[in-house]
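Taking it in order: structure first as structure tokens, then the write-up.
Protein chains in written order, with our numbering: chain A, 1125 to 1170; chain B, 29 to 230.
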């Protein structure tokens, strides 16, 4: 059986890109949450 | 429709509407017992993000509970044993002396399960004692629970540093953006030496 050549540098770049994409997704997801599921109100200082 | 989850951070009240999951019901059951006994505690780490809408799974829920004498712990143990079992040991003496007093956490799960479970420990550092003195009250429907300070939680998640932890920090930062005390966050970030991570990811 032939095994694939593994390019660790390429994998590292992909891993970093996936992580950055997930962080971007979190930003979009929380923005959506706050538009649809969250009420944010200013209150008097306790 | 879902349940309303409410907390005040800084000068802002946040009310999130979402369906409760098994993990939330486990936490609320545990918190009710601690509240009934008027114990100081704080849910910390990943569950704080999950409570406020972060969409990810977790096997355990971390909690710091005030250090107490054996007799008090025995009362807590007996109260918990209605719905929960201790995964680590059946012996209340072992749980207290061999684990909690030796700075090792014990785990409680609902009687018919192992996961998710609640990982309970006594505070062992000044930072953990500070957490207990500076909790945030959260209302979930008609129930109440206490969680860790948000600014510390964000900085500490950056300090832990795995991708999952940084994502939790990012979620909390985006969620509580209006109410976060930026000076307090910066102080924790500097003390934990995570300024570069904060600059890059928050």
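Just so it is clear, CB atoms sit at the ideal spot from N, CA and C, and this is done for glycine as well.
Are residue 194/B and residue 185/B closer than 9 Å when you measure CB to CB?
On the second chain, residue 194/B is found 166 positions in, with the first residue counted as 1. On the second chain, residue 185/B is found 157 positions in, with the first residue counted as 1. Contact: yes.
Is there a Cβ of chain B sitting closer than 9 Å to that of residue 1141/A, yes or no?
To locate residue 1141/A, count along the first chain from 1; it is residue 17. So, not an interface residue.
Just to make sure I have the definition right: I need the residues of chain B whose C-beta is within less than 7 Å of the C-beta of residue 1146/A. Which are they?
Position 22 of the first chain holds residue 1146/A. Those within 7 Å of residue 1146/A in chain B are 195.
Throw me the rounded Cβ distance for the residue 1167/A and residue 39/B pair, which I believe falls under 8 Å.
Stepping through the first chain from its first residue, residue 1167/A is reached at position 43. Stepping through the second chain from its first residue, residue 39/B is reached at position 11. At roughly 6 Å, the Cβ-Cβ gap stays under 8 Å, so residue 1167/A and residue 39/B are in contact.
Does the beta carbon of residue 1168/A sit closer than 9 Å to a beta carbon anywhere in chain B?
By one-based count along the first chain, residue 1168/A stands at place 44. Taking Cβ atoms only, chain B reaches closer than 9 Å to residue 1168/A, which makes this a yes.
For residue 151/B, is the classification buried or exposed, using 16 other Cβ atoms within 10 angstroms of its Cβ as the cut-off for buried?
Counting from 1 along the second chain, the entry for residue 151/B is found at position 123. So residue 151/B ends up on the buried side.
Does the segment 120 to 127 of chain B come close enough to the segment 79 to 87 of chain B to have 3 or more Cβ pairs within less than 8 Å?
no
Measuring alpha carbon to alpha carbon, tell me which of 226/B, 46/B and 86/B ends up nearest residue 1171/A.
Residue 1171/A is absent from the model: chain A starts at 1125 and stops at 1170.
Residue range of the unbroken alpha helix (DSSP H) whose run includes residue 45/B:
Numbered from its first residue, the second chain carries residue 45/B at position 17. Where residue 45/B is concerned, there is no enclosing alpha helix (DSSP H), although the beta strand (DSSP E) it sits in stretches over 40 to 46.
Shorter than 9 Å from the beta carbon of residue 1159/A to some beta carbon of chain B?
Residue 1159/A sits at position 35 when you count from the first residue of the first chain. Taking Cβ atoms only, chain B never reaches closer than 9 Å to residue 1159/A, which makes this a no.
Please state the DSSP three-state secondary structure of residue 218/B.
In the second chain, the residue the question calls residue 218/B occupies position 190. Residue 218/B falls in the helix class under three-state DSSP.
Would you check if the segment 169 to 184 of chain B and the segment 217 to 228 of chain B touch, i.e. whether three or more CB-CB distances between them fall below 8 Å?
yes
Expected contact under 8 Å - CB spacing of residue 55/B and residue 92/B to nearest Å
Locating residue 55/B in the second chain gives position 27, counting from the first residue. Locating residue 92/B in the second chain gives position 64, counting from the first residue. Between residue 92/B and residue 55/B the Cβ distance is about 14 Å, and since that is not below 8 Å, they are no contact.
With 9 Å set as the bound, which would you pick, yes or no: does the beta-carbon of residue 1151/A sit closer than that to a beta-carbon of chain B?
Numbered from 1 along the first chain, position 27 holds the residue referred to as residue 1151/A. By this cut-off, residue 1151/A is an interface position.
CB of residue 196/B within 9 Å of CB of residue 74/B, strictly
For the purposes of this step, residue 196/B is identified with residue 168 of the second chain, where counting begins at 1. For the purposes of this step, residue 74/B is identified with residue 46 of the second chain, where counting begins at 1. Cβ distance < 9 Å, so residue 196/B and residue 74/B count as in contact.
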